[in-house]
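Counted from 1, the sequence shown has number 14 at position 14 by UniProt numbering; the numbering is strictly sequential.
For each residue, glycine too, the CB sits at the ideal point set by N, CA and C.
Quantities reported herein were computed from a predicted structural model and do not represent experimental measurements.
Here is the structure we will look at.
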Amino acid sequence: GYQKIIKSCEQARKDGYKWLWIDTCCIDKRSSSELSEAINSMYRWYQNARVCYAYLHDVGESTIPTEQDDKFSKSNGWPEWFVRGWTLQELIALEEVKFFNKGWVPLGHKRHLASRLNHITGIPCEVLTDGRARQDLSVAQIMSWAARRKTTRDQ
Numbered sequence: 001g002y003q004k005i006i007k008s009c010e011q012a013r014k015d016g017y018k019w020l021w022i023d024t025c026c027i028d029k030r031s032s033s034e035l036s037e038a039i040n041s042m043y044r045w046y047q048n049a050r051v052c053y054a055y056l057h058d059v060g061e062s063t064i065p066t067e068q069d070d071k072f073s074k075s076n077g078w079p080e081w082f083v084r085g086w087t088l089q090e091l092i093a094l095e096e097v098k099f100f101n102k103g104w105v106p107l108g109h110k111r112h113l114a115s116r117l118n119h120i121t122g123i124p125c126e127v128l129t130d131g132r133a134r135q136d137l138s139v140a141q142i143m144s145w146a147a148r149r150k151t152t153r154d155q
């Protein structure tokens, strides 16, 4: 928790950003009205963001796995970030997503990892790399990707 916040701030500063928004810190989940507003606004917030830092807390290696692995048994063989329902919008709404392992070592950018991300998530490479392709997505298509993910709250 805390280390993720510190490292995110350091990375944002290194990337030249003055502001950082972290959903787990910036949304008061005790307030049902704030939580509801945030849930309804998040996709738009992500669309308007310059970059998303995806912290893969369960990846120790210097690369994102190419095959399912038993060490990720709690999440269908993949790092947890790729099976959480809430992270789908981060992956498709933003132009730039930077992935980091548990030591905050950079693993790459969404654009450069598109074929690997396609293999893991089923999201076509053109959706991951081309903003125009994302504009034409149907709700049914997005829901088919969401169906492969786990959520702890109805979305």
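Secondary structure note for A54: its beta strand (DSSP E) is the uninterrupted segment C52 to Y55. For L88, the enclosing alpha helix (DSSP H) covers residues T87 to A93.
With fewer than 16 other Cβ atoms inside 10 Å of its own Cβ, I6 counts as exposed. For G1, no alpha helix (DSSP H) segment is defined, and its DSSP state is neither H nor E.
When beta bridges are read from the DSSP output, H112 appears opposite no residue. Taken in chain order, the whole alpha helix (DSSP H) runs of length 4 or more contained in the UniProt domain "Heterokaryon incompatibility" (7-63) are 23-26 and 32-48.
In the pairwise beta carbon analysis, the segment 56-72 is classified as not touching the segment 131-150: fewer than three pairs are separated by under 8 Å.
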